[in-house]
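Visitor: Just dropping this structure here.
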Amino acid sequence: MSTADSKSRGFLGNFANVDQANPAELVGRLDTMHALEFFRSYKRETFALMQLGAAASAADIGCGTGEDARQMAELVGESGLVVGFDISEAMLKEARSRHDAATANLQFIQSPAHELKAASASFDAIRADRVLTHVPDTMAALREMVRVVKPGGRVVVSEPDMLGCWVNNAHHATSTRILQAIAHSCERPFAARELYHHFLDAGLVDVRLLLRPVALTDPQSADNILRFGAAIETMIEKGKLDAQEARSWLADFEERRRTGRFLGGATIFIVAGGKPAGEDR
Ligand SMILES: C[S@@+](CC[C@H](N)C(=O)[O-])C[C@H]1O[C@@H](n2cnc3c(N)ncnc32)[C@H](O)[C@@H]1O
Numbered sequence: 175m176s177t178a179d180s181k182s183r184g185f186l187g188n189f190a191n192v193d194q195a196n197p198a199e200l201v202g203r204l205d206t207m208h209a210l211e212f213f214r215s216y217k218r219e220t221f222a223l224m225q226l227g228a229a230a231s232a233a234d235i236g237c238g239t240g241e242d243a244r245q246m247a248e249l250v251g252e253s254g255l256v257v258g259f260d261i262s263e264a265m266l267k268e269a270r271s272r273h274d275a276a277t278a279n280l281q282f283i284q285s286p287a288h289e290l291k292a293a294s295a296s297f298d299a300i301r302a303d304r305v306l307t308h309v310p311d312t313m314a315a316l317r318e319m320v321r322v323v324k325p326g327g328r329v330v331v332s333e334p335d336m337l338g339c340w341v342n343n344a345h346h347a348t349s350t351r352i353l354q355a356i357a358h359s360c361e362r363p364f365a366a367r368e369l370y371h372h373f374l375d376a377g378l379v380d381v382r383l384l385l386r387p388v389a390l391t392d393p394q395s396a397d398n399i400l401r402f403g404a405a406i407e408t409m410i411e412k413g414k415l416d417a418q419e420a421r422s423w424l425a426d427f428e429e430r431r432r433t434g435r436f437l438g439g440a441t442i443f444i445v446a447g448g449k450p451a452g453e454d455r
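Start counting the sequence shown at 175; every next residue gets the next number (my numbering).
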């Protein structure tokens, strides 16, 4: 599937271009994810890997609705500073309306990941969670993150392995095609698998890779996140899926929903590293 298809309505790839898609729907997807304990738990791990202490300065790239930046602001305390960067005006508007009144040490700035409005060596730690999958040039974004972090600072990136997402359905081959179409709607479906070596190529040290598997038994959450129906509709329109195959797959999905037999999952790749001390670039 070409990148042009990422503009198709309802696809996960719309996160690359929130302002031209349906921002309210995409905010809803993020809220679904934030409500799941699995997401909360790997996010807490990313905060720990950032080694955020009191009075630290930190950045969250592709901050979305700002929930993670808000938690980071609590971790660094009143004398610290957290900046959430995002390319989307609609996401930043949502983030500001949720958090501005409550948190003085939190700012939101509109910037694309490859061109952050921040001076070099500004932050003690920086992260991006489920963002680099949506950025056209992963390495350019990572190099920019390294630029704005201080020598000795921490860089943490987490991405789902999009091509490894799975669901249980009697029509396994159709599942594979639907999930591949969802993955390929994203700019960089392979981003998670490339991260570890990108960190080494960017000159980061003490690089660690952690894999965190997730399994969902709740079909509604899986559907809220991946929007199977919208993906299937677009595939049919583009002649990439036969209507009968789609009906059979959806019937099995509905049967599993009705009988409590849905299962699906993915693996989150978390990579953490440090900018070498004494290096200012
Ligand atoms: C899947 S959401 C993740 C949001 C947040 N990190 C979270 O975990 O809830 C992806 C976010 O990245 C932002 N984004 C997409 N492309 C971007 C880019 N090139 N530069 C900066 N932000 C970008 C989107 O606007 C969206 O808010």
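Note that beta-carbon positions come from the ideal geometry of N, C-alpha and C, so glycine has one too.
For residue 420, I'd like the list of residues in its chain whose CB is within less than 8 angstroms of its CB, leaving aside the five on either flank, ordered along the chain.
Guide: Result list for residue 420: 348, 406, 409 and 410, in chain order.
Visitor: Is any heavy atom of ligand 1 found at a distance shorter than 6 angstroms from the C-beta of residue 262?
Guide: Yes, ligand 1 has a heavy atom inside 6 angstroms of this Cβ.
Visitor: Given this structure, state the Cα-to-Cα distance separating residue 442 from residue 416, to the nearest angstrom.
Guide: Taking the straight line from one Cα to the other gives about 31 angstroms.
Visitor: Quick one, are the C-beta atoms of residue 372 and residue 319 less than 7 angstroms apart?
Guide: Not closer than 7 angstroms, so no.
Visitor: So, residue 393 versus residue 364, is the Cβ gap smaller than 7 angstroms?
Guide: Not a contact, by the Cβ cut-off of 7 angstroms.
Visitor: Is residue 301 near residue 207, with beta carbons less than 7 angstroms apart?
Guide: Taking 7 angstroms as the Cβ cut-off, residue 301 and residue 207 do not qualify as a contacting pair.
Visitor: How would you call residue 176, buried or exposed, if buried means at least 16 neighbouring beta carbons within 10 angstroms?
Guide: Bear in mind that the predicted position of residue 176 carries a pLDDT of just 39, short of 50, making it unreliable; the figure below should be weighed with that in mind. Classification of residue 176: exposed, given that the 10 Å Cβ count is below 16.
Visitor: Please give me, in chain order, every unbroken run of the alpha helix (DSSP H) with length at least 4 that falls completely inside the segment 366-412.
Guide: Entirely contained in the segment 366-412, the alpha helix (DSSP H) runs reaching 4 residues are, in chain order, 393-400 and 402-411.
Visitor: Starting from residue 221, follow the alpha helix (DSSP H) in both directions and report where the run begins and ends.
Guide: First-last of the alpha helix (DSSP H) with residue 221: 211-224.
Visitor: What does residue 441 pair with, by DSSP beta-bridge criteria?
Guide: Note: residue 441 sits in a beta bridge opposite 387.
Visitor: Rounding to the nearest angstrom, what Cα-Cα distance links residue 345 and residue 412 in this structure?
Guide: Rounded to whole angstroms, residue 345 to residue 412 spans 20 angstroms at the Cα level.
Visitor: Could you tell me whether any non-hydrogen atom of ligand 1 is closer than 6 angstroms to the CB of residue 426?
Guide: Flag unset: Cβ of residue 426 not near ligand 1.
Visitor: Count the other CB atoms, across all protein chains shown, that sit within 10 Å of the CB of residue 262; report buried if there are 16 or more and exposed otherwise.
Guide: Per the 10 Å Cβ criterion, buried.
Visitor: Any idea if residue 307 is buried or exposed, counting beta-carbon neighbours within 10 angstroms, 16 or more meaning buried?
Guide: Looking at its Cβ environment, which holds 16 or more other Cβ atoms inside 10 Å, residue 307 is buried.
Visitor: Compare the Cα-Cα distances from residue 338 to each of 385, 445 and 217 and report the closest residue.
Guide: Per the Cα distances, 385.
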